[in-house]
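J.:
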Amino acid sequence: MGRIFFTAFLLFAMSTTSGYAAFGRTQPIYNVQDKAAFTGSGQPTDAQQVHDAIVAGATSKGWQVRKVGDGHLVAQIFVRSHMAEIDITYDDDSYSIVYKNSTNLLYDGSTIHRNYNKWIKFMIHRIDDAMRNN
24 MGRIFFTAFL
34 LFAMSTTSGY
44 AAFGRTQPIY
54 NVQDKAAFTG
64 SGQPTDAQQV
74 HDAIVAGATS
84 KGWQVRKVGD
94 GHLVAQIFVR
104 SHMAEIDITY
114 DDDSYSIVYK
124 NSTNLLYDGS
134 TIHRNYNKWI
144 KFMIHRIDDA
154 MRNN
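Numbering (this note's numbering), first residue to last: 24 to 157.
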């Protein structure tokens with residue numbers, strides 16, 4: 024009898040904790056709207072400088088970037104079995120980064136695996152570094 028209860032307890036414990044496996048691994052998706060572009064000297068930027076800084080910053084963190092139109096880039100990153108794709112729009116003095124698509128990142132319409140947000144924040148840091156060095 025004790026063995027049945029122990030087995031039932033183990034099954035119950037495994038079923039309740041597996042539902043929480045994703046808990047803590049997902050966060051609200053991090054999009055960036057109209058982030059100010061600036062140079063290290065404080066001089067105004069132009070669209071080409073912003074473009075170049077985005078490409079330099081993104082590629083330095085492993086993102087593949089392609090231009091799809093004036094002021095519009097799409098970037099993808101592949102990490103093991105995961106993929107993230109983002110839309111990046113920019114103009115003379117700002118840029119925006121918006122989630123587009125992903126694979127194996129637990130995206131549910133409003134939340135995503137926390138690593139996606141880290142990848143975006145690391146990329147933004149590199150973009151800002153590239154702009155400061157202009």
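For glycine and all other residues, C-beta sits at the position ideal for the given N, C-alpha and C.
Could you tell me whether the segment 116-133 touches the segment 97-107, where touching means 3 or more Cβ pairs closer than 8 Å?
T.: Contact holds: three or more Cβ-Cβ distances are below 8 Å.
J.: What three-state label does DSSP hand F61 in the structure shown?
T.: Reading the sequence shown from its first residue, position 38 is the one you call residue 61. Coil at F61, not helix or strand.
J.: Check the C-beta distance from T112 over to H95 and give it rounded, since I have them as a contact under 8 Å.
T.: As a first step, residue 112 must be located in the sequence shown, where it is residue number 89. As a first step, residue 95 must be located in the sequence shown, where it is residue number 72. Right, the Cβ-Cβ distance comes to about 5 Å (below 8 Å), so this counts as a contact.
J.: Between which two residues does the beta strand (DSSP E) containing K138 stretch?
T.: Reading the sequence shown from its first residue, position 115 is the one you call residue 138. Note that residue 138 is Asn in the sequence shown here, rather than Lys. Not the beta strand (DSSP E): N138 falls in the alpha helix (DSSP H), residues R137 to R155.
J.: Please report the distance separating the alpha-carbon of A79 from that of Q66.
T.: On the sequence shown, position 56 is the one that residue 79 refers to. On the sequence shown, position 43 is the one that residue 66 refers to. Cα-Cα distance, rounded: 19 Å.
J.: Which word fits I77, buried or exposed, when buried means at least 16 other C-beta atoms lie within 10 angstroms of its C-beta?
T.: For the purposes of this step, residue 77 is taken as residue 54 along the sequence shown, with counting starting at 1. The residue in question, I77, is buried, as its Cβ has 16 or more Cβ neighbours within 10 Å.
J.: If you drop the 5 nearest sequence neighbours on each side, which residues of the same chain put their C-beta closer than 6 Å to that of R155?
T.: As a working mapping, residue 155 is identified with position 132 in the sequence shown. Excluding positions up to five away in sequence, the list reads G63.
J.: Nearest by alpha-carbon distance to Y53: which of D69, S119 and V88 is it?
T.: Counting from 1 along the sequence shown, the entry for residue 53 is found at position 30. With distances taken between Cα atoms, Y53 lies closest to S119.
J.: Does DSSP put T82 in a helix, in a strand, or in coil?
T.: Within the sequence shown, numbered from 1, the residue matching residue 82 stands at position 59. The answer is helix: DSSP assigns T82 an H, G or I state.
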